[in-house]
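Those letters in the sequence shown? Residues 241 to 650, by the numbering used here.
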Amino acid sequence: MTHHSLLRQITDYANRANPYPLYKELHNTPVLHEEDGGPYLVSSYWDILSLLHDPRISSDAANLAAAGADEMGGVAETGLPPSFIRQDPPEHDRLRRIANRPFGPPHSPRKIDSMRGELAGIVSGLIDGFGQARQIDVVDQFAYPFPVTVICRLLGVPREDEPRFHTWVEPIVAGLDPDTGKDDAERRRGAQEARMQLGMYLAQLVEQRSKEPTGDMLSELVTSHGPDGPMTTMEVLSTAVLLLIAGHETTVNLITNGMLTLLRHPEYLERLRNDPGLVVGIVEELLRYEPPVQLVPQRTCIADIEVRGTTIPKGSKIWLVLAAGNRDPERFTDPDRFDPDRKDIQHLGFGSGIHSCFGAPLARLEAQIALSELARRLDNPRLVKDPPPYRQNAVLRGPRHLLVDFDALR
Ligand code: HEM
Numbered sequence: 241m242t243h244h245s246l247l248r249q250i251t252d253y254a255n256r257a258n259p260y261p262l263y264k265e266l267h268n269t270p271v272l273h274e275e276d277g278g279p280y281l282v283s284s285y286w287d288i289l290s291l292l293h294d295p296r297i298s299s300d301a302a303n304l305a306a307a308g309a310d311e312m313g314g315v316a317e318t319g320l321p322p323s324f325i326r327q328d329p330p331e332h333d334r335l336r337r338i339a340n341r342p343f344g345p346p347h348s349p350r351k352i353d354s355m356r357g358e359l360a361g362i363v364s365g366l367i368d369g370f371g372q373a374r375q376i377d378v379v380d381q382f383a384y385p386f387p388v389t390v391i392c393r394l395l396g397v398p399r400e401d402e403p404r405f406h407t408w409v410e411p412i413v414a415g416l417d418p419d420t421g422k423d424d425a426e427r428r429r430g431a432q433e434a435r436m437q438l439g440m441y442l443a444q445l446v447e448q449r450s451k452e453p454t455g456d457m458l459s460e461l462v463t464s465h466g467p468d469g470p471m472t473t474m475e476v477l478s479t480a481v482l483l484l485i486a487g488h489e490t491t492v493n494l495i496t497n498g499m500l501t502l503l504r505h506p507e508y509l510e511r512l513r514n515d516p517g518l519v520v521g522i523v524e525e526l527l528r529y530e531p532p533v534q535l536v537p538q539r540t541c542i543a544d545i546e547v548r549g550t551t552i553p554k555g556s557k558i559w560l561v562l563a564a565g566n567r568d569p570e571r572f573t574d575p576d577r578f579d580p581d582r583k584d585i586q587h588l589g590f591g592s593g594i595h596s597c598f599g600a601p602l603a604r605l606e607a608q609i610a611l612s613e614l615a616r617r618l619d620n621p622r623l624v625k626d627p628p629p630y631r632q633n634a635v636l637r638g639p640r641h642l643l644v645d646f647d648a649l650r
């Protein structure tokens, strides 16, 4: 019998539709190290949580490069410095604070909530656009265009440029897929090249806004002069690249995973239709049960760290498998059950600690509006194919298409 390591099975596309049995196996070895020079996989909820808060775990792209994973964020090769998701304090904190100013505490939740009407309008427009069709692709016709439109408006990137920037986003996202041993160097080169192109495209917009600010986030980033001082132009560009990509490549999966899960549990679809308030619990449970970011692979230990009796040596790469932590039986009762009525639902879907998701309030609101409106307006929706075809990516995981039949549009 040929034996494939769990690591290889997790990255193997053949297991993309249902990686959860593999995560269950991971729980047998809470710290798994299968290959010399390979990553240490951590899968228990409490270990992941504490490591996300541990300053001995670095997100710095330079440390990861030193650990042997030639990171796509490397300055020399892209000409763009790594964004703050690939930096440690104090730089991380300074850049994140500046990026947060437009939302800025104490206004943050209110600013996002004030977008509710605008988001609902975009969603209605997309659903009306289904027209007379009785079959849709939830991904291409809804779950992708919606967050793209939102992040474009927020940043001030022209929506009609999507076909252009999409050709750069795709290789960048492919570069986020953890090393699988094949075509890695080529994939990273493609990602670096695309990141530079996207940065150059955004540079034109940033240049305009620096002369004529228009109140969008690009304007705010380029004119910011708070207590943390201004961002350099390069910092503005790498932050804009991060926000543009993080702003839609994850939310598309939350909405699609959400619709798929609801179609597999039609009793909740029915309940949601009659009680839109239920959507809050549904979205939180989705972030636990089918998290769009399955694992955080870009971390390095900068000291020896002992986890459950295993010493992870300084310089090692470490993967925090959020999706496994979310189904840890030591943490959640009946973890493989989709149960939006759970009272205790502190999932790891948005990470935790200093790098915890910057866009979580927006992502939550987008998914809530998207799913409650689909539930309300599609009459008798049915899955055409289960499981649907998945995107390649093991980190940002979700269906590539989701065909749904329905009887009428309400
Ligand atoms: C970070 C998930 C949507 C912006 C993260 C992290 C996770 C995550 C797990 C932590 C990464 C790490 O620890 O290295 C998600 C999910 C989303 C979502 C599941 C949608 C369902 C968004 C949106 C935006 C955004 C809409 C922007 C508007 C960011 C940024 C970071 C981040 C900037 C880096 C934060 C830092 O390093 O301090 N996200 N995200 N995300 N997310 Fe999200």
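Glycine included, C-beta positions come from ideal geometry on N, C-alpha and C.
From a predicted model like this one, the values you see are computed outputs, not experimental measurements.
Point to revise | Beta-carbon contacts of residue 380 that lie in its chain and below 8 Å, excluding the five residues immediately before and after | key: Within the sequence shown, residue 380 is the residue found at index 140, counting from 1. Hits under 8 Å: 641.
Review point. How would you write the range of the alpha helix (DSSP H) that residue 558 sits in, first residue to last?
Key: The sequence position of residue 558 within the sequence shown is 318, counting from 1. Careful: residue 558 lies outside any alpha helix (DSSP H), inside the beta strand (DSSP E) at 557-560.
Exercise for review: Below 8 Å CB to CB, which residues in the same chain sit around residue 347 once its five sequence neighbours on both sides are set aside?
Suggested key: Within the sequence shown, numbered from 1, the residue matching residue 347 stands at position 107. At residue 347, the pLDDT of 46 sits below 50, so the modelled position is not reliable; the number obtained from the coordinates is stated separately. There are no such residues.
Review point. Around the Cβ of residue 493, are there at least 16 other Cβ atoms within 10 angstroms (buried) or fewer (exposed)?
Key: Counted from its first residue, the sequence shown places residue 493 at position 253. Its Cβ being crowded by 16 or more others within 10 Å, residue 493 is buried.
Exercise for review: Indicate whether residue 635 and residue 403 have their beta-carbon atoms separated by less than 8 Å.
Suggested key: As a first step, residue 635 is located in the sequence shown; it is residue number 395 there, counting from the start. As a first step, residue 403 is located in the sequence shown; it is residue number 163 there, counting from the start. For the pair residue 635 and residue 403, the CB atoms are not nearer than the 8 Å cut-off.
**Study point:** Element boundaries [beta strand (DSSP E), containing residue 406]
**Key:** Position 166 of the sequence shown, counted from the start, is the residue given in the question as residue 406. No beta strand (DSSP E) holds residue 406; the alpha helix (DSSP H) holding it covers 402-416.
Check your understanding: With a CB to CB cut of under 8 Å and the five nearest residues on each side skipped, what residues in its chain are close to residue 474?
Key -> Along the sequence shown, read from residue 1 onward, the residue named residue 474 stands at position 234. Within the same chain, residue 474 has close Cβ partners 320 and 321.
Review point. Near residue 328, what residues of its chain come up, given a Cβ to Cβ distance below 7 Å and the 5 sequence neighbours on each side ignored?
Key: On the sequence shown, position 88 is the one that residue 328 refers to. Correct list, in chain order: 298, 299 and 300.
Review point. Can the beta-carbon of residue 581 be found closer than 8 Å to that of residue 521?
Key: In the sequence shown, residue 581 corresponds to position 341, counting from 1. In the sequence shown, residue 521 corresponds to position 281, counting from 1. For residue 581 and residue 521, yes; Cβs fall inside 8 Å.
Check your understanding: Should residue 389 be labelled buried (16 or more other beta-carbon atoms within 10 Å of its own) or exposed?
Key -> For the purposes of this step, residue 389 is identified with residue 149 of the sequence shown, where counting begins at 1. Buried, because 16 or more other Cβ atoms sit within 10 Å of the Cβ of residue 389.
Review point. What are the uninterrupted segments assigned as alpha helix (DSSP H) that are 4 or more residues long and contained completely in the region 591-645, given in chain order?
Key: Scanning the region 591-645 for uninterrupted alpha helix (DSSP H) segments of 4 residues or longer gives 600-617, listed from N- to C-terminal end.
Exercise for review: Give a yes or no on whether the C-beta atoms belonging to residue 443 and residue 477 are separated by under 8 Å.
Suggested key: To locate residue 443, count along the sequence shown from 1; it is residue 203. To locate residue 477, count along the sequence shown from 1; it is residue 237. Less than 8 Å divides the Cβ of residue 443 from the Cβ of residue 477.
**Study point:** At least three beta-carbon pairs within less than 8 Å, the region 608-624 to the region 359-370
**Key:** As far as the Cβ criterion goes, the region 608-624 touches the region 359-370, which means the pair count is three or higher.
Review point. Candidates 260, 276 and 256: which alpha carbon is nearest residue 558's?
Key: Position 318 of the sequence shown holds residue 558. For residue 558, the closest C-alpha among the options 260, 276 and 256 is that of 276.
Check your understanding: Roughly how many whole angstroms lie between the Cα atoms of residue 334 and residue 468?
Key -> Translated into the one-based positions of the sequence shown, residue 334 becomes position 94. Translated into the one-based positions of the sequence shown, residue 468 becomes position 228. Looking at the two C-alpha atoms, the distance is approximately 6 Å.
Review point. Is the beta carbon of residue 564 less than 8 Å from the beta carbon of residue 283?
Key: Working through the sequence shown from its first residue, we reach residue 564 at position 324. Working through the sequence shown from its first residue, we reach residue 283 at position 43. Taking 8 Å as the cut-off, the Cβ atoms of residue 564 and residue 283 count as close.
Review point. Since residue 525 is in the alpha helix (DSSP H), which residue starts that stretch and which ends it?
Key: As a working note, residue 525 is residue 285 in the sequence shown. Run containing residue 525: 519-529, per the alpha helix (DSSP H) assignment.
Review point. Does the beta-carbon of residue 440 have 16 or more other beta-carbons within 10 angstroms, so that it is buried, or is it exposed?
Key: Position 200 of the sequence shown holds residue 440. By the neighbour-count rule (16 or more Cβ atoms within 10 Å), residue 440 is not buried but exposed.
Review point. What is the residue span of the beta strand (DSSP E) that residue 538 lies within?
Key: As a position in the sequence shown, residue 538 is number 298, starting the count at 1. Counting along the chain, the beta strand (DSSP E) containing residue 538 begins and ends at 536-541.
Exercise for review: Tell me whether residue 522 counts as near the ligand HEM, meaning its Cβ is closer than 7 Å to at least one heavy atom of that ligand.
Suggested key: Within the sequence shown, the letter at position 282 stands for residue 522. Outside the cutoff, so no.
Practice item. Report the residue ranges of all beta strand (DSSP E) runs contained in full by the region 492-516; include only those spanning at least 3 residues, in chain order. Key: Correct list: empty.
Check your understanding: Who does residue 298 pair with in a DSSP beta bridge?
Key -> Locating residue 298 in the sequence shown gives position 58, counting from the first residue. Residue 298 is bridged to 540.
Exercise for review: Please indicate yes or no: does the CB of residue 391 lie closer than 7 Å to some heavy atom of the ligand HEM?
Suggested key: Counting from one through the sequence shown, the residue named residue 391 turns up at place 151. Checking the Cβ of residue 391 against the ligand HEM gives yes.
Point to revise | Supposed contact pair residue 561 and residue 375 - C-beta distance, whole angstroms, cut 8 Å | key: In the sequence shown, the residue the question calls residue 375 occupies position 135. In the sequence shown, the residue the question calls residue 561 occupies position 321. With a contact defined as Cβ atoms closer than 8 Å, residue 375 and residue 561 miss out at about 35 Å.
**Study point:** Rounded C-alpha distance that separates residue 484 from residue 337
**Key:** Looking up residue 484 in the sequence shown gives position 244. Looking up residue 337 in the sequence shown gives position 97. About 17 Å.
Check your understanding: Taking the Cβ atom as the reference point for each residue, do residue 445 and residue 458 lie within a distance shorter than 8 Å?
Key -> Position 205 of the sequence shown, counted from the first residue, corresponds to residue 445. Position 218 of the sequence shown, counted from the first residue, corresponds to residue 458. Taking 8 Å as the cut-off, the Cβ atoms of residue 445 and residue 458 count as close.
Check your understanding: How big is the Cα-Cα spacing for residue 463 and residue 592?
Key -> Here residue 463 refers to the residue found at position 223 when the sequence shown is read from its first residue. Here residue 592 refers to the residue found at position 352 when the sequence shown is read from its first residue. Spanning the two alpha carbons is a distance of roughly 30 Å.
Practice item. Find the nearest neighbour of residue 435 within the set 405, 423 and 611, judged by alpha-carbon distance. Key: Start at 1 with the first residue of the sequence shown, and residue 435 comes out as number 195. With respect to the C-alpha of residue 435, the residue from 405, 423 and 611 having the closest C-alpha is 405.
Exercise for review: Kindly indicate which three-state DSSP category residue 311 falls into: helix, strand or coil?
Suggested key: As a first step, residue 311 must be located in the sequence shown, where it is residue number 71. Residue confidence for residue 311 is low, a pLDDT of 46 falling below 50, so the modelled location carries little weight; the figure read from the coordinates is stated next. Three-state DSSP puts residue 311 in coil, outside helix and strand.
Practice item. Measure from the alpha carbon of residue 586 to the alpha carbon of each residue in 263, 529 and 638, then state which is nearest. Key: In the sequence shown, counting from the first residue as 1, residue 586 sits at position 346. It is 529 whose Cα lies nearest to the Cα of residue 586.
Check your understanding: Using 8 Å as the threshold, is the region 258-269 in touch with the region 286-294, meaning 3 or more CB pairs across them?
Key -> Result no; under three Cβ-Cβ pairs closer than 8 Å.
Check your understanding: With distances taken between CB atoms, is the gap from residue 496 to residue 629 smaller than 8 Å?
Key -> For the purposes of this step, residue 496 is taken as the residue at position 256 of the sequence shown. For the purposes of this step, residue 629 is taken as the residue at position 389 of the sequence shown. Going by C-beta atoms, residue 496 is not nearer than 8 Å to residue 629.
Review point. Residue 519 and residue 608: beta carbons closer than 8 Å?
Key: Within the sequence shown, numbered from 1, the residue matching residue 519 stands at position 279. Within the sequence shown, numbered from 1, the residue matching residue 608 stands at position 368. In this structure, residue 608 lies closer than 8 Å to residue 519 by Cβ.
Point to revise | Reduced DSSP secondary structure (H/G/I, E/B, other) of residue 397 | key: In the sequence shown, the residue the question calls residue 397 occupies position 157. Residue 397: coil per DSSP, three-state reduction.
Review point. Hey, how far is the Cα of residue 540 from the Cα of residue 304?
Key: One-based indexing of the sequence shown puts residue 540 at position 300. One-based indexing of the sequence shown puts residue 304 at position 64. C-alpha of residue 540 to C-alpha of residue 304: approximately 6 Å in a straight line.
Practice item. Spell out the partners DSSP gives residue 551 in its beta bridges. Key: On the sequence shown, position 311 is the one that residue 551 refers to. In the DSSP output, where bridge partners are listed per residue, residue 551 has 546.
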